[in-house]
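Single-structure report; data block below.
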Amino acid sequence: MSELAQKVKETVNFLRENGAFDVELALILGSGLGKVAEVAKIKAEFPYTKIPHFPVSTVKGHEGKLLFGELSGKKIAIMKGRFHFYEGYTLKEVVYPLRVLFKMGMKTLIVTNAAGGTNPYFEAGDIMLILDHINLLPDNPLRGKNEEEFGPRFPSMAKAYTPELIQLARKSAEESGIHLKEGVYVALQGPSLETPAEYNFVRLIGGDAVGMSTVPEVIAASHMGVKVVGFSIITNALRKSQTEGATHEEVVEIANKAGEKLSTIILRLIEKL
Ligand code: HPA
0 MSELAQKVKE TVNFLRENGA FDVELALILG SGLGKVAEVA KIKAEFPYTK
50 IPHFPVSTVK GHEGKLLFGE LSGKKIAIMK GRFHFYEGYT LKEVVYPLRV
100 LFKMGMKTLI VTNAAGGTNP YFEAGDIMLI LDHINLLPDN PLRGKNEEEF
150 GPRFPSMAKA YTPELIQLAR KSAEESGIHL KEGVYVALQG PSLETPAEYN
200 FVRLIGGDAV GMSTVPEVIA ASHMGVKVVG FSIITNALRK SQTEGATHEE
250 VVEIANKAGE KLSTIILRLI EKL
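Using the working numbering, the letters of the sequence shown correspond one by one to residues 0 to 272.
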């Protein structure tokens, strides 16, 4: 067994011994999106700091807890807060929780984040369904020896965002009366926010939104054959980001507000899975 597989096994054993159970579904909640977890019936809760081999989250506004519960009759794991490259972790460390959840049965992953809009038609508070991504982080979670237990050396990313789930997400938004934007998410390392020229650059290369997360988790999930659907809350519109600049406080405030819209879509989506 590889060192990673051994560690994962120890983490899984710890979680199971302390009230966690296998799940079909996992949800990662980004900045200000904690509310989505409130509707789930939580059966077990683990601060990241208490979980063996987990990295420790350091960002304000990210609570850092792994929850196990039920939502719309489905067994679900919820990551309230996540790990980021800018905190100093390697991307292997960032995706460690997903390796664990995979061994606990995860077949589908719902990812969310807060992002800056680079599509000039996007407004603050919009929700964007992620159709694809561009990885501009200076790392890849699959770098180094391939972990055969989890997936192949050169996994395809052609359908990293699962087409059936994209369809279900569109339908869920429509039924909820919520207009969903769609586009490409670009991950930059941060933690500094983008300069006006960098926002422009993201737009020029085909990005509709920019952020500092999600891409590592989606690569790892895809590597493991897990189906993925992703949403960005657009917390700052392009023109304002390029003139006045975005602030972290504003990002959290808008994510909190738009979080309700996104929760509605996600709940409906989960019912359809
Ligand atoms: N840039 C990067 N990350 C972000 C932004 C942004 O403008 N807004 C929210 N997360």
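Where is the CB? At the ideal position from N, CA and C, for every residue including glycine.
On the DSSP bridge list, what partners appear for residue i?
i    : result
I77  : L26, L66
S231 : N112, M127
K226 : T107
I41  : G68
G182 : I129
N134 : A186
If you drop the 5 nearest sequence neighbours on each side, which residues of the same chain put their C-beta closer than 8 Å to that of residue i?
i    : result
E163 : K226
A39  : L66, G68, E69, L70, I75, I77
A168 : L128, L179, V228, F230, I264, L268
K271 : L167, K170, S171
A254 : G29, S30, G31, L32, A113, I232, T234
G143 : K91
I177 : I126, K260, T263, I264
Does residue i come out as helix, strand or coil in the three-state DSSP assignment?
i    : result
P215 : helix
A19  : coil
A208 : strand
G60  : Here the model assigns G60 a pLDDT of 47, short of 50, so the residue's position is not dependable and the matter cannot be decided.
P46  : strand
S262 : helix
K240 : Note on residue identity: the sequence assigns Ser, not Lys, to residue 240. Note: S240 maps to helix in three-state DSSP.
N118 : coil
G331 : One cannot answer for residue 331 here, as it falls past the ends of the chain, which runs 0 to 272.
T10  : helix
N139 : coil
R152 : coil
A220 : helix
K91  : helix
Going along the chain, which residues of its own chain have a beta-carbon closer than 6 Å to the beta-carbon of residue i, five neighbours each way excluded?
i    : result
V217 : A159, V227
S171 : I264, R267, L268
K42  : F67, G68
G18  : A43
S240 : G115, Y198
M0   : none
H132 : Y184, V214
H52  : K6, T10
Using a Cβ-Cβ cut-off of 7 Å (strictly less than) and excluding sequence neighbours within five positions of residue i, which residues of its own chain qualify?
i    : result
E259 : K34
N112 : G29, G210, S212, T213, S231
T117 : Y198, V201, R202, G206, D207, A208, V209, L237
L130 : Y160, I165, E181, G182, V183
A123 : I233, T234, N235, A236, I253
**Asked** Between the region 105-113 and the region 18-36, do three or more beta carbon pairs fall short of 8 Å?
**Response** yes
| At a cut of 8 Å, does the region 176-190 reach the region 200-210 through at least three beta carbon pairs? | yes
Counting pairs of Cβ atoms below 8 Å between the region 240-251 and the region 191-202, do you hit three or more? yes
Can you find at least 3 beta carbon pairs, one from the region 49-56 and one from the region 122-142, that sit closer than 8 Å?
no
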